[in-house]
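*Asks:* Supplied in structure tokens, the structure appears directly below.
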Amino acid sequence: MNSQYWHVPHFDPVIFSIGDSGIGLRWYGLMYLLGFLFARWLAVGRSRQPNSGWTVEQVDTLLFNGFMGVFLGGRIGDVMFYHLDDFFRDPLYLFRVWEGGMSFHGGLIGVIIAMLWTSRSQHRNFWQTADFVAPLIPFGLGMGRIGNFINLELWGRVTDVPWAMIFPTDPSALPRHPSQLYEAFLEGLVLFIILNLFIKKPRPMGAVSGLFLVCYGFFRFLVEYVREPEVGDFLGLTRGQQLCLPMIIGGALIMLWAYRRNQSTIATN
1 MNSQYWHVPH
11 FDPVIFSIGD
21 SGIGLRWYGL
31 MYLLGFLFAR
41 WLAVGRSRQP
51 NSGWTVEQVD
61 TLLFNGFMGV
71 FLGGRIGDVM
81 FYHLDDFFRD
91 PLYLFRVWEG
101 GMSFHGGLIG
111 VIIAMLWTSR
121 SQHRNFWQTA
131 DFVAPLIPFG
141 LGMGRIGNFI
151 NLELWGRVTD
161 VPWAMIFPTD
171 PSALPRHPSQ
181 LYEAFLEGLV
191 LFIILNLFIK
201 KPRPMGAVSG
211 LFLVCYGFFR
221 FLVEYVREPE
231 VGDFLGLTRG
241 QQLCLPMIIG
251 GALIMLWAYR
261 RNQSTIATN
């Protein structure tokens, strides 16, 4: 039965390493690096547009703080949301990044903290910063999901759809949804297009950030139905879905607030 499905090759997660030092470049790290470089290219280009309100130096500071927020928040979030038992058994697990992963929701919290810090230091409205950052994120998300696929991790549930794949790291050797590729498409490509079309016209402050939260939360919520859960369900929802619901609701409320605030400002003026 399994012969009709595509067997994913056993990718080496390490592109190259320096001797036996353990120092080298991994595919997962390369994907994040490409996402960061693309985000900087896009952000610098937008900062150079007339009346952007941003300088290249401010952009670099923002992106550096954001990268640190993604890394620290993503790692801490992965441990707290998905591997808390491992942390209680061995607190040093938190620092063994090569044994664990990164959580988007933890990374999001880290980025929000970084944006708050950067906005305050640059004397800028938080929502102005958040709206500038939101359209930069999807490409990096998509590259991260491709990194998951190359790492042969976070595969989907067992299925018999024609495009199902068999992953060499799966002990059951059963055909599964390539959920990493679904997320790369939705969270990466589709979300990037939606946000970057949305900002073609002036929008109320906060609307872009709200739309990001709604769309990402919705896409991730859908994919969770075909993604193998990392922890048990609760009330029929996976941990990912539980974390996405506040994003969807919060994003919708932010958009509602942004447009109502904008109408109020226009009426007052």
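Here the sequence shown is numbered in full-length UniProt numbering, starting from 1 and rising by one per residue.
A virtual CB, placed ideally from N, CA and C, is assigned to each residue, including glycine.
I need the boundaries of the beta strand (DSSP E) containing I15, first residue and last residue.
*Replies:* That run of the beta strand (DSSP E) goes 14 to 17.
*Asks:* Restricting to Cα atoms, I'd like to know which of F104, V59, R46, R40 is closest to G73.
*Replies:* Closest by alpha carbon: F104.
*Asks:* Would you identify the three-state DSSP class for I166, choosing helix, strand or coil?
*Replies:* If DSSP states are grouped into helix, strand and coil, I166 belongs with the strands.
*Asks:* Please report the Cβ distance between S172 and R227, rounded to the nearest whole angstrom; I am assuming they are in contact, meaning their Cβ atoms lie under 8 angstroms.
*Replies:* Not a contact, Cβ separation roughly 16 angstroms.
*Asks:* Per DSSP, F234 is paired with what?
*Replies:* Its beta-bridge partners are L237.
*Asks:* According to the neighbour-count rule (16 or more other Cβ atoms, all chains shown, within 10 Å of its Cβ), is E57 buried or exposed?
*Replies:* Under this definition E57 is an exposed residue.
*Asks:* Using a Cβ-Cβ cutoff of less than 7 angstroms, which residues in the same chain neighbour G250 once the five nearest sequence positions on both sides are dropped?
*Replies:* Closer than 7 angstroms at the Cβ level, and outside the excluded window around G250, lie L213.
*Asks:* Have a look at the DSSP bridge pairing and note the partners of L25.
*Replies:* According to DSSP, which records beta bridges pairwise, L25 is partnered with F16.
*Asks:* DSSP three-state call for V70: helix, strand or coil?
*Replies:* Helix.
*Asks:* Going by DSSP, name the residue or residues bridged to H123.
*Replies:* BP columns for H123 are empty, so no partner.
*Asks:* Y225 lies in the alpha helix (DSSP H); which residues open and close that run?
*Replies:* From DSSP, Y225 is part of no alpha helix (DSSP H); its letter is neither H nor E.
*Asks:* For G144 and N125, what's the separation of their Cα atoms in angstroms?
*Replies:* If I take the Cα positions, the gap works out to 29 angstroms.
*Asks:* Could you check what DSSP says for G251 in three-state terms: helix, strand or coil?
*Replies:* Reduced to three states, the DSSP call for G251 is helix.
*Asks:* Just reading off the alpha helix (DSSP H) that S179 is part of, what are its end residues?
*Replies:* Where S179 is concerned, the enclosing alpha helix (DSSP H) stretches over 179 to 183.
*Asks:* Determine the extent of the alpha helix (DSSP H) in which P138 is found, giving its start and end residues.
*Replies:* Taken as a continuous stretch (DSSP letters only), the alpha helix (DSSP H) holding P138 covers 137 to 150.
*Asks:* Identify every residue that forms a DSSP beta bridge with G156.
*Replies:* In DSSP, G156 forms a bridge with R227.
*Asks:* Which residues mark the beginning and the end of the alpha helix (DSSP H) in which I193 is found?
*Replies:* Looking at the DSSP string, the run of the alpha helix (DSSP H) that includes I193 is 191 to 198.
*Asks:* Which whole-angstrom value is the C-beta distance of G188 and P138, which I expect to be below 8 angstroms?
*Replies:* At roughly 5 angstroms, the Cβ-Cβ gap stays under 8 angstroms, so G188 and P138 are in contact.
*Asks:* Quick check on DSSP: helix, strand or coil for W54?
*Replies:* Three-state result, W54: coil.
*Asks:* Taking DSSP as the reference, what is the three-state secondary structure of R203?
*Replies:* Looking at R203 - three-state DSSP - the assignment turns out to be coil, as it is neither helix nor strand.
*Asks:* Which of the three DSSP states is assigned to H105 in this structure?
*Replies:* The answer is helix: DSSP assigns H105 an H, G or I state.
*Asks:* Just to confirm, is the Cβ distance from G147 to Y32 under 8 angstroms?
*Replies:* Cβ distance < 8 angstroms, so G147 and Y32 count as in contact.
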